[in-house]
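Same order as they appear, the protein sequences are chains Y and W. Take the position in the first sequence, starting the count at 1, then add 7; the result is the number in my numbering. Take the position in the second sequence, starting the count at 1, then add 350; the result is the number in my numbering. Idealized CB from N, CA, C, for every residue including glycine. All values reported here derive from a predicted model rather than from experimental measurement.
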Amino acid sequence: MQQIINFLIRYKTFLLYLFLLLISLVFTFQSHSYHQSKFLNSSNFITGSIYSFSDNITSYFNLREENNSLVEENKRLRDKLFNNVQLSGITIDTASVDYEVIRGRVINNSYADQRNYVTINKGQNDSIAQDMGVITDKGILGIVENTSANFSTVQSILSKKSNINAKIKNSNHFGSLVWGNTQDYNIVQLIDIPRLVPLTIGDTIVTGAMSSIFPENIPIGTIKRFDLDNSKSFYFIDVELFNDMTNIGNVYIIKNLNRKEVLQLEAETEANDQ
Amino acid sequence: MINSTFFFNVLRFILLVLVQVLVFNNLNFFGYINPLVYILFLYWYPIKQNRTTFIVLCFLLGLFVDIFSDTLAINAAATVTIAYLRPTIMRFVFGVNYEFQSFKLNNSTKAQQFTFLALLIIIHHLAYFTLEIFSFSNSLLILQKTFTVGISTLILCILFSTLFSSKKE
């Protein structure tokens with residue numbers, strides 16, 4: 008017993024080091040699985056407040072740009088409205104609404120890591136929950152991962168873990184949107200598109216209908232380059248994003264009101280299968 | 351005396367975390383270079399202090415940077431590693447000299463200070479990017495990032511340590 012205690016005292020620094028290293032490794036590896044660590048994320052009160060304080064100052068520098076992009080979006084929406092006259096006469100029945108949109112602001116953004124996260128200034132108090140889609144006026148941004156009372160972190164599409172259902176516009180050929188080349192923050196990859204699909208450089212890629220997170224037909228980007236993958240039966244497509252991932256201000260969070268029902272149905276089907 | 355050292359270290363801790371997460375994490379020089387200047391805490395920390403406290407402090411330093419930048423606990427792991435290795439590195443760089451009471455970082459030569467800082471940065475960045483990328487097929491990428499980000503960290507750390515040098519003459 009005496010010897011064990013002596014040993015512990017002699018090597019206490021080393022043991023402390025091992026212990027702390029182990030803690031950090033556990034934190035790191037447990038979140039290599041699907042969801043980010045519950046404790047170590049920037050959606051908590053302290054980091055959220057500091058980031059929104061800093062955003063309060065820096066957001067003034069690109070107000071003009073921000074305004075232009077909002078006016079541009081308004082113009083697009085008005086174009087749609089005026090060319091769709093019968094719509095204005097119908098009052099929208101709230102019971103038949105599928106999606107609810109909540110607006111938010113990015114207060115911290117990263118794009119140089121392997122798994123990038125964006126922090127936004129809306130949280131549980133604004134009815135944000137895990138697995139809601141986040142888009143900008145130009146295209147998709149990511150999926151909500153953790154929430155606190157007033158802030159949330161969003162797993163950006165620039166993440167090794169990201170995997171989003173996407174398709175080629177005006178067709179129903181869908182594949183998975185991933186981020187393979189983690190060096191380039193303007194390019195993501197679309198995989199699993201069969202080789203029989205006719206492709207042209209410049210084709211638009213939009214979100215697919217298979218996702219219970221994003222509505223269909225939200226723009227993602229255009230085809231920059233495509234090639235067959237190793238199996239020679241699927242395409243490997245480089246998609247240039249519409250979003251400038253380095254410069255994001257206002258975002259919209261999409262709440263799919265049917266998501267619970269869809270997931271429940273899918274789970275039941277799977278359970279019956281076995 | 352002890353109080354003022356303690357106070358300075360706490361202040362340094364907070365300022366370094368804030369500078370790291372608010373300024374240097376948003377630098378994105380050439381698209382991906384974000385210097386990790388908070389390592390200066392380990393460079394500046396007094397030598398004659400309790401080693402256990404030092405390691406725990408460094409762990410917390412890394413953890414705070416992690417929480418802000420959503421990097422899981424990679425910074426904490428890398429920082430606690432160099433905190434543990436610091437005495438070994440110092441013995442390597444300064445020889446047995448550093449164990450004497452009179453030894454001060456400012457008394458050593460510029461070359462020694464530079465080597466000390468460079469070794470801290472290399473080991474930290476190697477651990478950091480190995481954990482971040484975490485695949486041996488990308489070992490070239492790990493080395494490339496360690497080198498490029500390490501150089502930028504080194505330059506900024508030297509600038510900072512000259513700017514805030516405790517010897518004002």
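Asked, Found
"When Asn115(Y), Asn153(Y), Gln121(Y), Tyr124(Y) are compared against Gly130(Y), the one with the closest alpha-carbon", "Asn153(Y)"
"Host alpha helix (DSSP H) of Asp416(W) (start-end)", "401-419"
"Exposure of Gln417(W), with buried meaning 16 or more beta-carbon neighbours within 10 Å", "Before going further, note that residue 417(W) is Ile rather than Gln in the sequence given. Flag for Ile417(W) reads buried."
"Contact set between Lys19(Y) and chain W, taken where Cβ atoms lie within less than 8 Å", "Thr402"
"Buried versus exposed call for Lys518(W) [16 or more other C-beta atoms within 10 Å across all chains shown]", "Note that Lys518(W) scores a pLDDT of 45, beneath 50, so its modelled location is shaky and nothing firm can be said."
"Beta-carbon gap between Leu264(Y) and Asp133(Y) smaller than 7 Å", "no"
"Validate contact between the stretch 359-377 of chain W and the stretch 154-164 of chain Y using beta carbons, cut 8 Å, 3 pairs", "no"
"Cβ neighbour criterion (16 or more within 10 Å) applied to Glu482(W)", "buried"
"Whole-angstrom distance between Phe466(W) and Val443(W), CA atom to CA atom", "6 Å"
"Closer than 7 Å to chain W by CB, Leu29(Y)", "no"
"Chain-order list of residues whose beta-carbon lies under 7 Å from that of Phe181(Y) (same chain, five-residue window excluded)", "Asn172, Ala173, Lys174, Gly215, Met217"
"Where Ser301(Y) falls: helix, strand or coil (DSSP)", "Nothing about residue 301(Y) can be reported from this structure: the residues present for chain Y run from 8 to 281 only."
"Limits of the alpha helix (DSSP H) - the one that Tyr67(Y) falls within", "Counting along the chain, Tyr67(Y) falls outside any alpha helix (DSSP H), and DSSP gives it neither H nor E."
"Per-residue contacts from Ser49(Y) into chain W (C-beta, under 8 Å)", "Ile417, Phe418, Ser419, Asp420"
"Where the alpha helix (DSSP H) through Asn279(Y) begins and ends", "266-280"
"Proximity to Tyr388(W) [Cα-Cα], best of Val430(W), Phe356(W), Phe380(W)", "Val430(W)"
"Separation of Ala274(Y) from Ser219(Y), as counted between CA atoms", "13 Å"
"Bridge partner(s) assigned by DSSP for Ser166(Y)", "Arg122(Y)"
"Beta-carbon contacts of Ile12(Y) that lie in its chain and below 7 Å, excluding the five residues immediately before and after", "none"
"Chain W contact for Gln124(Y) (CB, 7 Å cutoff)", "According to the sequence shown, residue 124(Y) is Tyr rather than Gln. For Tyr124(Y), the answer is yes, since a Cβ of chain W falls inside 7 Å of its Cβ."
"Ala173(Y): first and last residue of the uninterrupted alpha helix (DSSP H) it sits in", "Premise fails: Ala173(Y) lies in the beta strand (DSSP E), 171-175, not in any alpha helix (DSSP H)."
"Interface partners of Ala119(Y) on chain W, CB under 8 Å", "Asn378, Gly381, Tyr382, Ile383, Asn384"
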